[in-house]
Amino acid sequence: IGINADSNFENELEAAQLVAVRQLDLAFSVLETMCLRSLPTDQYAFKILMEACARCGSTRRAKQLITMMKDQYQPIDSEIYSHYLSAFSVANEINPDELFQSPFNKVSLSPFNRNSENLNNKNKWFSRDKTNHIMASLQQGNSFQSHEISSNSTRSDSSHGDNWKGSRPGSSRKTPQRKSKALVTNEIVERYIMIGECLLKEDVHGGIEIDSRGDTCPQCTLYLTVDQIMQGWSPCSFTEYKTTCTHCKYKFLPRFVIKSQSPDFKGTQGAGSPLYCEFFSPWVLRREIYLATSGGQNLSAILDPRMREGSDFNNKLWWNVIVHLRMQNIPITFLLQGYFTGGIIL
């Protein structure tokens, strides 16, 4: 019995390591896609990726990330530095000379200590040569490739307390726009997008149909496309849930609809009915996910289907993430893993 238990544990550990490595590779492929689209990466994204490298013990990916941050003149704070060292500790590869041989010896740990030349060049990393350098660095490392919210009210800051402090994305203050011609991807990302779409339309809840094309303004009855809805969002506002009608300037809470042919699918009015979800801006969504997952410490609150269902607020957050990623042509497979406990989405 003891031998079988040890064997099962080793198999589960091996499977978990495989999933972690594949998901980390996918994350770096998405990072490569951002370079293809000439999109900057904010500090928070780098921190999350470095934390993932630490959990997986991927020193190779951690070094790549540090190189990218150096090329983009991104400050390396103590938290990122700690995750970087943790990757070597988990992989049991750290040695006394590592600090001096790593890219850290040429990168300031504080944004206030960078010289004027770096500050002047901070926004110049978008040049073709710099982008090609980042792409080459990424490609070299690829081993393989419930709360209900009414339309007339919003959630107040006081309902969440005053302890939440979200860092606003520093890359842009413009309202996000969908530009299909600019949503280029690489081969790996494209493959995962296709897998996710097939699973969503055929396997999840017996097949899902998402209507996120737009919504009607309740004031002037004008039908607003999703692009017009996005234009009405308040840029970088983490507490403004409503959009502004482009015609009458009325503020309302837009929605999208989730439909399924399965009689077991629980919608807004119970089993078998459609699910109407409030359509959140990226900034509101980022804040709400942070709160729902206790600062990222309880991701199962969003990812585990058993922790969310029907019109539960966490379930609406999950569908919002699905809609936003699909609109930006980003894979959703990691969000669907909870529906396939007997298998692994690779």
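In the numbering used here, the protein residues as written are 956 to 1301. The beta carbon of each residue, even a glycine, is placed where N, CA and C say it ideally should be.
Quiz prompt | residue 1182 to residue 1161 span [Cα, whole Å] | solution = 29 Å
Exercise. Using the Cα positions of residue 1046 and residue 963, report the straight-line distance between them to the nearest angstrom.
Key: Each residue's alpha carbon lies about 22 Å from the other.
Self-check item: CB contact flag (residue 988, residue 1140, <7 Å)
Solution: yes
Quiz item: If you draw a straight line from the C-alpha of residue 1168 to the C-alpha of residue 1289, how long is it?
Solution: As the crow flies, the alpha-carbon of residue 1168 is around 24 Å from that of residue 1289.
Quiz item: Which one of 1227, 1157, 983, 1202 has the shortest CA to CA distance from residue 1176?
Solution: 1202
Quiz item: Going along the chain, which unbroken runs of the alpha helix (DSSP H) with 4 or more residues stay wholly within the segment 1199–1238?
Solution: none
Quiz item: Does the distance from the CB of residue 1293 to the CB of residue 1259 come in under 7 Å?
Solution: yes
Quiz item: What residue from 1199, 1003, 979, 1163 has the CA that sits closest to residue 1143's CA?
Solution: That would be 979, whose Cα lies nearest to the Cα of residue 1143.
Practice problem: List the DSSP bridge partners of residue 1170. | Solution: 1179
Exercise. Taking residue 1217 as the reference, give the member of 965, 1232, 1246, 1164 with the closest Cα.
Key: 1164
Quiz prompt | Inter-residue Cα distance where the pair is residue 1198 and residue 1185 | solution = Rounded to the nearest whole angstrom, the C-alpha separation of residue 1198 and residue 1185 is 7 Å.
Exercise. Please confirm if residue 1147 has its CB atom under 7 Å from at least one CB of chain C.
Key: Although the question refers to chain C, the structure presented lacks it and comprises just one protein chain.
Quiz item: On the premise that residue 1211 lies in contact with residue 1278, defined as a C-beta separation below 8 Å, what is that separation, rounded to the nearest angstrom?
Solution: Indeed, because the Cβ distance is near 6 Å, the residues count as touching under 8 Å.
Exercise. Following the continuous alpha helix (DSSP H) through residue 1046, name the residue where it begins and the one where it ends.
Key: First-last for residue 1046: undefined, no H or E at that position.
Exercise. Tell me whether residue 1173 is buried or exposed, calling it buried when 16 or more other Cβ atoms sit within 10 Å of its Cβ.
Key: exposed
Quiz item: Alpha carbon to alpha carbon, what distance is there between residue 1250 and residue 1149?
Solution: Approximately 30 Å between the Cα atoms of the pair.
Quiz item: What is the rounded straight-line gap between the Cα of residue 1230 and the Cα of residue 985?
Solution: The alpha-carbon separation between residue 1230 and residue 985 amounts to approximately 29 Å.
Practice problem: Give me whichever residues DSSP pairs with residue 1164 in a beta bridge. | Solution: 1214
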